[in-house]
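Accompanying notes for the structure given below.
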Amino acid sequence: MVSSLYFLFSLVGLQYASAATLPQPVATESHSRRSGLLGLGDVPVLGPLVDKTTSNLLPTDNQNARQVPSGTGSVKVVLDYGDFNGNTNNGVDQFYGIPYAEPPVGARRLTNPIFPLGKYPNFDATRTPSSCAQQVLTGGGNPLFDIASVVTDELDKLPIYAPGIGGQEDCLTLDILRPTGIQKGANLPVMFWIYPGDFAFGSSTLLQGNNWVEKSVALGQPVIFVAINHRMGAFGFLGGKQVGAAGVGNLGLKDQRLAMKWVQQHISEFGGDPAKVMLFGESSGSISISHHLFINNGDNEGLFRAAICESGSAFPVGTLAEGAGQTTYDAILKDIGCADKPDALACLRSVDFATLYAASNRLPGPFSGGSYPLAYAPYVDGEFVTGSMEDNLEAGKFARVSLITGAEDDEGTLLTLGVAPSILTESNLKKYLSRLVPKATQEQIEFVTKAYPQDPTQGSPFNTGLLNTLTPVFKQYAAIFGDVGFQGLRRLVSRQVNRHMPTWGYIDRGMKSTPILGSTHTVELLSTFGIIPGPRADDFQSRWIAFANNLDPNVPGLPRWENYGGPSGTDDFKGNVLQFQSSGSTGTIPDDFRSTQINYYLDNLKTFRLISA
């Protein structure tokens with residue numbers, strides 16, 4: 127999630143995040159300027175203005191988290207619907223903001239995506255693309271978040287971290303980066319990136335892909351990097367039975383799927399091989415990729431041959447009409463005055479963008495006390511998302527592609543900060559869990575709180591003793607949430623997919639010394655995208671690039687990464703995961719930690735639903 131990145135980066139304390147270290151954006155007239163307490167002086171502030179009193183977003187022209195790197199020289203790719211002019215930066219040809227779909231505006235709002243209908247002669251693909259409409263990050267008056275915001279407010283002044291809130295509806299674009307000099311016929315593997323953001327935040331330029339291309343060339347295994355902008359929040363993941371009846375659910379996933387089809391049709395013109403596409407993503411990007419394994423009952427239509435899921439698997443979910451999906455839909459209709467209209471969807475399409483956008487932002491967002499179940503998320507629609515993940519896995523209805531799936535050791539710490547101040551006792555925790563997973567019985571809640579004791583030496587961040595005890599039950603709840611939201615599903619997917627296809631797993635225990643959070647959600651992005659260079663980043667990047675090229679993440683000179691393991695469905699089956707530490711990978715270990723707790727969760731998946739409770 128994008129909000130996770132801001133707070134995490136602040137705690138890690140990246141001292142080199144000033145103008146001298148990372149590529150800096152060029153300030154435009156739409157950028158405000160302010161001096162900061164970090165001693166960085168007067169620096170550009172990207173993103174829109176937010177009226178914190180009314181929580182209404184006041185959009186600006188440029189809505190992206192980061193400006194794209196400037197380039198010299200020009201390169202052109204001619205497609206059947208336009209001429210796309212990019213530029214070159216440090217050995218990387220850059221093409222930004224290439225439309226892959228007809229703009230979903232006006233009557234096309236809340237409709238399924240289609241390929242572009244118009245022509246794009248002499249399209250300028252050197253400018254920062256507009257992100258899709260995003261939910262405003264708020265803490266909901268949470269005192270702990272207010273403490274965190276002291277740090278994030280300062281961090282927002284840095285060009286590389288400025289929040290990408292805001293956005294537009296006309297946003298369905300791709301960024302394509304390739305090694306300079308590559309032409310049609312090179313047939314390079316394609317790394318297709320889907321960003322994180324709780325299905326409500328994010329953009330294609332949140333994390334720059336130049337480093338992937340440069341690293342791949344240095345390794346002698348060049349790749350093409352593709353990043354997508356897709357619809358989010360109320361514009362891309364609106365639930366409700368009316369949405370389901372109209373066949374317009376899961377639009378964000380459908381955007382991603384259409385973009386994959388675009389790659390099949392056009393990536394060869396950029397020098398890519400449509401038969402060698404690897405998806406990779408983190409958090410909601412990873413969850414999206416996991417869904418693409420199950421969509422259409424597992425028929426991936428040959429759109430990708432491999433996938434890397436970093437910190438996120440598809441959740442067990444109900445239908446669009448169940449739980450939080452319907453609640454969100456009803457709340458938005460009431461907010462904007464469409465609830466009593468005979469055709470509520472037509473009403474939603476007719477209101478102006480600012481009205482719908484403001485209504486979507488008045489629902490709980492990440493870091494607020496009411497952020498789970500998520501207001502916006504994928505659901506079963508019966509046609510595209512044909513079933514819940516556990517049913518698809520059991521029936522073998524998933525794409526036959528090579529897979530890497532992994533998670534951080536302390537996934538739950540960052541994502542439980544929003545409610546930590548209101549959960550101070552185990553009694554508070556039991557009541558909160560009962561609201562979070564209302565289908566769970568009291569006996570099940572009691573089992574969980576005993577299986578994950580309040581003893582901070584057994585909680586998350588794991589293996590930190592009495593340190594990081596933010597509240598008496600913070601480490602207890604962080605351990606529960608990390609396993610329910612991430613580790614358990616990662617283990618289930620690995621076991622089932624490994625029966626049919628080559629599968630690798632990992633557990634990341636690096637950067638454990640991060641205060642309060644440990645090896646938390648999103649921390650591997652600092653290494654995978656080369657934000658913190660060094661042996662750990664080299665390790666991650668070398669393996670990911672090798673997987674894109676060879677369908678095998680093993681690299682000469684690095685510890686052997688064993689396959690997840692032989693086929694088995696028994697509870698005592700222990701797979702293999704590669705362990706990452708702050709120095710890099712250290713070798714394969716059994717995937718058997720907290721087996722009793724995780725097996726109990728997996729036996730009760732339909733009860734412990736986080737998304738559509």
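The opening residue of the sequence shown carries number 127 in our numbering; numbering runs sequentially from there.
No residue lacks a Cβ here, since even glycine has one placed at the ideal position from N, Cα and C.
Nothing here was measured: the structure is a model prediction, and the numbers come from that model.
* To do: Determine the DSSP secondary structure at Asp168, reduced to helix, strand or coil.
  => The predicted model places Asp168 with a pLDDT of 25, which falls under 50 and marks its position as unreliable; any figure quoted below should be read in that light. Strand, per DSSP.
* Asked: Where Ile302 and Asp729 are concerned, what is the direct C-alpha to C-alpha distance, given to the nearest angstrom?
  -> Answer to the nearest angstrom: the Cα atoms are 42 Å apart.
* To do: Identify whether Ala503 lies in helix, strand or coil by the three-state DSSP scheme.
  => Residue state, collapsed to three classes: coil.
* Give me the Cα-Cα distance between Ala484 and Gln707, rounded to the nearest whole angstrom. => Each residue's CA atom was taken as its position, placing Ala484 and Gln707 some 42 Å apart.
* Asked: Which runs of the alpha helix (DSSP H) spanning at least 4 residues fall entirely within the stretch 445–477, listed in chain order?
  -> Whole alpha helix (DSSP H) segments, 4+ residues: 449–462, 470–476.
* Asked: Val599 to Glu572, Cα distance in whole Å?
  -> So the alpha carbons of these two residues sit roughly 15 Å apart.
* Asked: Could you give the C-beta distance for Asn248 and Asn211, rounded to a whole number, given that I count them as a contact under 8 Å?
  -> Taking the Cβ atoms as the reference, Asn248 lies roughly 7 Å from Asn211, within the contact range of under 8 Å.
* Asked: Do the CB positions of Val343 and Pro305 come within less than 8 Å of each other?
  -> Yes, these two residues count as a Cβ contact at 8 Å.
* Through-space distance from Ala401 to Leu429, alpha-carbon basis -> In a straight line, the C-alpha of Leu429 is about 8 Å away from that of Ala401.
* Kindly indicate which residue of Ala233, Glu569, Tyr603 has the alpha-carbon position closest to the one of Asp581. => Among Ala233, Glu569, Tyr603, the Cα nearest to that of Asp581 belongs to Tyr603.
* Completely contained alpha helix (DSSP H) runs for the stretch 530–555, where each covers 4 or more residues -> The stretch 530–555 contains these whole alpha helix (DSSP H) runs: 537–541.
* Asked: Under a Cβ-count criterion, where at least 16 other Cβ atoms within 10 Å of its own Cβ denotes burial, should Leu550 be classed as buried or exposed?
  -> It is exposed - the Cβ of Leu550 has fewer than 16 other Cβ atoms within 10 Å.
* **Secondary structure of Val262, DSSP reduced to three states** => Looking at Val262 - three-state DSSP - the assignment turns out to be coil, as it is neither helix nor strand.
* Same chain, Cβ closer than 6 Å to Pro242, five either side skipped, listed in chain order -> Within the same chain, Pro242 has close Cβ partners Tyr207, Pro225, Glu228.
* Quick one: grab the DSSP three-state call for Lys341. => Residue state, collapsed to three classes: helix.
* Asked: Alpha carbon to alpha carbon, how far is Gly407 from Leu593?
  -> The C-alpha of Gly407 lies about 31 Å from the C-alpha of Leu593.
* From Leu677, Arg686, His647, Leu333, residue whose alpha carbon lies closest to that of Asp665 -> Distance check between Asp665 and each of Leu677, Arg686, His647, Leu333 places Arg686 closest, using alpha-carbon atoms only.
* Tell me, which residues are paired with Asp209 by DSSP? -> Assignment of beta-bridge partners to Asp209 by DSSP yields Val204.
* To do: Express the C-alpha separation of Trp670 and Val262 in angstroms, rounding to a whole number.
  => Those two C-alpha atoms are separated by around 32 Å.
* Residue nearest to Leu657 in terms of C-alpha spacing, selected from Gly608, Gln613, Leu333 -> Checking the sequence shown, residue 657 turns out to be Ile, not Leu. Nearest neighbour of Ile657 by Cα position, chosen from Gly608, Gln613, Leu333, turns out to be Leu333.
* Asked: From this set, Gln570, His626, Leu345, which residue's C-alpha is nearest Val74's C-alpha?
  -> Because the chain is modelled from 127 through 739, residue 74 falls outside the range shown and cannot be assessed.
* Which first and last residues belong to the alpha helix (DSSP H) in which Phe687 is found? -> Note on identity: in this sequence residue 687 is Trp, with Phe being the wrong assignment. Annotation for Trp687: no alpha helix (DSSP H) segment contains it, and DSSP assigns it neither H nor E.
* **Start-to-end residues for the alpha helix (DSSP H) that takes in Ser620** => In the DSSP annotation of this structure, the continuous segment of the alpha helix (DSSP H) that includes Ser620 starts and ends at 614–623.
* **Same chain only: Cβ atoms within 7 Å of Val339, ignoring 5 sequence neighbours per side** => The answer, listed in chain order, is Val218, Leu303, Arg304, Pro305, Val349, Phe351.
* Using DSSP with H/G/I as helix, E/B as strand and the rest coil, what is Leu284? -> With a pLDDT of 39 at Leu284, under the threshold of 50, the modelled position of that residue is not reliable, and the figure given next carries that caveat. DSSP places Leu284 in coil when its eight states are reduced to three.
* Asked: From what residue to what residue does the beta strand (DSSP E) around Ser711 run?
  -> Counting along the chain, the beta strand (DSSP E) containing Ser711 begins and ends at 710–717.
* To do: Following the continuous beta strand (DSSP E) through Arg304, name the residue where it begins and the one where it ends.
  => From DSSP, the beta strand (DSSP E) with Arg304 extends over 299–305.
* When DSSP labels each residue in this structure, what does Pro641 get in the three-state scheme? -> It is coil, neither helix nor strand.
* Asked: Within 10 angstroms of its Cβ, does Lys283 collect 16 or more other Cβ (buried), or is it exposed?
  -> Because Lys283 sits at a pLDDT of 45, beneath the cut-off of 50, its placement in the model cannot be relied upon, and the following sentence gives the value as read from the coordinates. Per the 10 Å Cβ criterion, buried.
* Excluding sequence positions up to five away, which residues of its chain have a Cβ less than 6 Å from the Cβ of Ala577? -> The beta carbon of Ala577 sits closer than 6 Å to the beta carbons of Gln723 from its chain, once the five residues preceding and following it are set aside; these are given in chain order.
* How would you call Val231, buried or exposed, if buried means at least 16 neighbouring beta carbons within 10 angstroms? -> Per the 10 Å Cβ criterion, exposed.
* Just tell me which of Ser439, Ser410, Met404 has its CA closest to the CA of Phe420. => Nearest option by C-alpha distance: Ser439.
* Comparing the CB of His417 with every heavy atom of the ligand GDP, is any distance shorter than 7 Å? -> Only the bare structure without any ligand can be found here, which leaves the ligand GDP out of the picture.
* **Beta-carbon gap between Cys464 and Ala457 smaller than 8 Å** => Between Cys464 and Ala457, the C-beta spacing is not below 8 Å.
* Asked: At a cut of 8 Å, does the stretch 521–539 reach the stretch 381–394 through at least three beta carbon pairs?
  -> No: fewer than three Cβ pairs fall under 8 Å.
* **Pick from Glu427, Ala672, Gln452 that is closest to Asp507, judged by C-alpha positions** => Measuring from the Cα of Asp507, the nearest candidate turns out to be Gln452.
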